[in-house]
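S.K.:
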Amino acid sequence: MELGYSFCPNDTFIFYALVHGKVPTPFPVTETLEDVETLNRWAFEGRLPLTKISYAAYGRLRERYVALRSGGALGRGVGPLLVARAPVDNLVDKRIAIPGTNTTAFMLLSLYGTGFFPVEMRYDRILPAVQSGQVDAGLIIHESRFTYPRYGLVKVLDLGEWWEAETGLPIPLGAILARRDLGEAAIRSLDRAVRSSLEYAYAHPEETLAYIKQYAQELEEEVIWAHIHTYVNEFSLDVGEEGERAVAELFRRAEAMGLIAGSRLPNFLPSLRSAKIRLD
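Going by the numbering used here, the residue at position 264 of the sequence shown is 424; the numbering climbs one at a time, nothing skipped.
#1: For Thr192, report the span of its beta strand (DSSP E) as first-last.
#2: Does the region 237-256 come within contact of the region 196-211, defined as at least 3 CB pairs closer than 8 Å?
#3: Among the residues of its own chain, which have a CB less than 8 Å from the CB of Ile437, if the five just before and after it don't count?
#4: Exposed or buried, Leu222, counting other C-beta atoms within 10 Å across all chains shown (16 or more means buried)?
#5: How is Ala177 classed by DSSP in three states: helix, strand or coil?
#6: Please give the ranges of any beta strand (DSSP E) in the region 222-305, keeping only runs that are unbroken, at least 3 residues long and fully inside the region.
#7: Would you mind working out which of Val252, Val316, Ala361, Glu321 sits nearest Gly237, comparing C-alpha positions?
#8: Please determine, among Glu303, Ser270, Ala353, the residue with the shortest C-alpha to C-alpha distance to Met417.
#9: At which residues does the alpha helix (DSSP H) containing Asp351 begin and terminate?
#10: Expressed to the nearest angstrom, what Euclidean distance is found between the alpha-carbon atoms of Leu163 and Asp171?
#11: In terms of alpha-carbon separation, which member of Gly239, His389, Asp341 lies closest to Pro209?
#12: Kindly give me the distance between the Cβ atoms of Leu333 and Glu409, rounded to whole angstroms, as I take these residues to be in contact under 8 Å.
#13: Which residues in the same chain have their Cβ closer than 7 Å to the Cβ of Ala338, if we skip the five residues on either side of it in sequence?
#14: With a cut-off of 8 Å on the beta carbons, I'd call Tyr272 and Leu287 a contact; round off their distance for me.
#15: My understanding is that Val354 touches Leu234, with C-beta atoms under 8 Å, so please give their C-beta distance in whole angstroms.
#16: Given a threshold of 16 other Cβ atoms within 10 Å of its Cβ, counted over all protein chains shown, does Thr190 qualify as buried or as exposed?
#17: Looking only at C-alpha atoms, which of Glu381, Asn250, Arg201, Met267 sits nearest to Trp323?
#18: Under the assumption that Phe306 contacts Val383 (Cβ atoms under 8 Å), give the Cβ distance between them as a whole number of angstroms.
#19: Could you check which residue in Leu193, Met161, Ser166, Pro169 has the C-alpha nearest to that of Phe187?
#20: In the DSSP assignment, the alpha helix (DSSP H) including Glu197 goes from what residue to what residue?
#21: Looking only at its chain, what residues have a beta carbon closer than 6 Å to the beta carbon of Gly422, apart from the 5 residues adjacent to it on each side?
#22: On the DSSP bridge assignment, give the partners of Val314 in chain order.
#23: For the alpha helix (DSSP H) holding Glu380, just list the boundary residues, first then last.
#24: For Thr390, which residues of its own chain have a beta-carbon under 6 Å away from its beta-carbon, when the five flanking residues on both sides are left out?
#25: Based on DSSP bridge pairs, tell me the residues matched to Arg339.
#26: Do Val290 and Leu313 count as a contact pair if the criterion is CB distance below 9 Å?
#27: So which of Asp398, Arg413, Ala203 has the shortest CA-CA distance to Leu432?
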């Protein structure tokens, strides 16, 4: 079973035990690490049976994939940031570097305002592009949230704060998806394995560090643990009812703006309390 996830510390922390044989799995699991926009594009091809993905991309893939209850990234105070060299009054006519058109960050910025010109680039190249004046502002995710002041940049907008003020809900960022054709029994077993992997990481955090550092953009342990503590939380263990409402609200707003099509299929693997709901 091939599993795709990003280089970011929250993902390598969560999946360390799963890919190193520390927890039981229904199938042998091998990892493929890529940036999240590459994983998004691969999901449109149905390339991986199990993959991390942006919720924005998932909104367009609900007929093929279903989200696991465990392993995702939702929360409060974790939203994408818009940064620039100096304060920006509005987005109109601004060239804004974005980490991909399929990312949740870009969907949230599109829900917030229009009239800007997106410039797509890999997430780790955005801060230097803003610093050099190549773009007017940058939409940052992952470790960049903690390091942008080093580039002499200022925060213009916190899309997490905006979302929470608008909805009162946590912000959905990324999910772990399984192809629906795997069948519910296999998907439920994989969900249990992902949760077990995260529980192992919580119990043995230092054991995960060498693996995390193989792929992290920033190697400072303070930044690594800040990243993990920010993006790995109770929603990563189980999305819960509140997390499900947050994702449903994101999709509702995106559908209303014509950014994604609707779907009648469940967004998540049903909890055991609602297991009578069919995935297909």
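The beta-carbon is built from N, C-alpha and C at its ideal position, and this holds for glycine as well.
M.R.: Once the coordinates are examined:
#1: Numbered from 1 along the sequence shown, position 32 holds the residue referred to as residue 192. First-last of the beta strand (DSSP E) with Thr192: 190-193.
#2: In this structure the region 237-256 does not lie against the region 196-211, because fewer than three pairs of beta carbons, one per stretch, are closer than 8 Å.
#3: The residue labelled residue 437 in the question sits at position 277 within the sequence shown. With a pLDDT of 49 at Ile437, under the threshold of 50, the modelled position of this residue cannot be trusted, and the question is left open.
#4: Taking the first residue of the sequence shown as position 1, residue 222 is located at position 62. The residue you asked about is not Leu; residue 222 is Arg in the sequence shown. Counting the other Cβ atoms within 10 Å of the Cβ of Arg222 gives 16 or more, which makes it buried.
#5: On the sequence shown, residue 177 is found 17 positions in, with the first residue counted as 1. In this structure, DSSP gives Ala177 a helical state, which the three-state scheme calls helix.
#6: With a minimum length of 3 residues, the unbroken runs of beta strand (DSSP E) contained wholly in the region 222-305 fall at 225-227, 233-235, 241-244, 255-258, 277-280, 297-300.
#7: Locating residue 237 in the sequence shown gives position 77, where the first residue counts as 1. With respect to the C-alpha of Gly237, the residue from Val252, Val316, Ala361, Glu321 having the closest C-alpha is Glu321.
#8: Position 257 of the sequence shown, counted from the first residue, corresponds to residue 417. Cα-wise, what sits closest to Met417 is Ser270.
#9: As a position in the sequence shown, residue 351 is number 191, starting the count at 1. Where Asp351 is concerned, the enclosing alpha helix (DSSP H) stretches over 344-363.
#10: Position 3 of the sequence shown, counting from 1, holds the residue named residue 163. Position 11 of the sequence shown, counting from 1, holds the residue named residue 171. Those two C-alpha atoms are separated by around 11 Å.
#11: On the sequence shown, position 49 is the one that residue 209 refers to. Comparing Cα positions, the closest option is Asp341.
#12: Sequence index remark: in the sequence shown, residue 333 carries index 173 (1-based). Sequence index remark: in the sequence shown, residue 409 carries index 249 (1-based). That pair is no contact at about 14 Å.
#13: Position 178 of the sequence shown, counted from the first residue, corresponds to residue 338. So the list reads Pro209, Leu210, Tyr225, Val226, Leu228, Ile347, Leu350, once near-sequence residues are dropped.
#14: The residue given as residue 272 occupies position 112 in the sequence shown. The residue given as residue 287 occupies position 127 in the sequence shown. Not quite, the Cβ-Cβ distance comes to about 20 Å (not below 8 Å), so this is no contact.
#15: For the purposes of this step, residue 354 is taken as the residue at position 194 of the sequence shown. For the purposes of this step, residue 234 is taken as the residue at position 74 of the sequence shown. No, Val354 and Leu234 are not in contact; Cβ-Cβ is about 15 Å, not under 8 Å.
#16: Translated into the one-based positions of the sequence shown, residue 190 becomes position 30. Thr190 should be labelled exposed.
#17: Residue mapping note: residue 323 aligns to position 163 of the sequence shown, counting from 1. The shortest Cα separation from Trp323 among Glu381, Asn250, Arg201, Met267 belongs to Met267.
#18: Indexing the sequence shown from 1 puts residue 306 at position 146. Indexing the sequence shown from 1 puts residue 383 at position 223. Between Val383 and Phe306 the Cβ distance is about 5 Å, and since that is below 8 Å, they are a contact.
#19: For the purposes of this step, residue 187 is identified with residue 27 of the sequence shown, where counting begins at 1. Of Leu193, Met161, Ser166, Pro169, the smallest CA-CA separation from Phe187 is found for Met161.
#20: To locate residue 197, count along the sequence shown from 1; it is residue 37. From DSSP, the alpha helix (DSSP H) with Glu197 extends over 196-205.
#21: Here residue 422 refers to the residue found at position 262 of the sequence shown. So the qualifying residues of the chain are Glu415.
#22: As a first step, residue 314 is located in the sequence shown; it is residue number 154 there, counting from the start. Note: Val314 sits in a beta bridge opposite Ala244.
#23: Within the sequence shown, the letter at position 220 stands for residue 380. Boundaries for Glu380: no alpha helix (DSSP H) harbours it, and the DSSP string shows neither H nor E there.
#24: Residue numbering aside, residue 390 sits at position 230 when the sequence shown is read from its first letter. The residues are Val238.
#25: Your numbering for residue 339 matches position 179 in the sequence shown. Arg339 pairs with Tyr225.
#26: Along the sequence shown, read from residue 1 onward, the residue named residue 313 stands at position 153. Along the sequence shown, read from residue 1 onward, the residue named residue 290 stands at position 130. Contact: yes.
#27: Along the sequence shown, read from residue 1 onward, the residue named residue 432 stands at position 272. Just measuring C-alpha positions, the residue of Asp398, Arg413, Ala203 sitting nearest Leu432 is Asp398.
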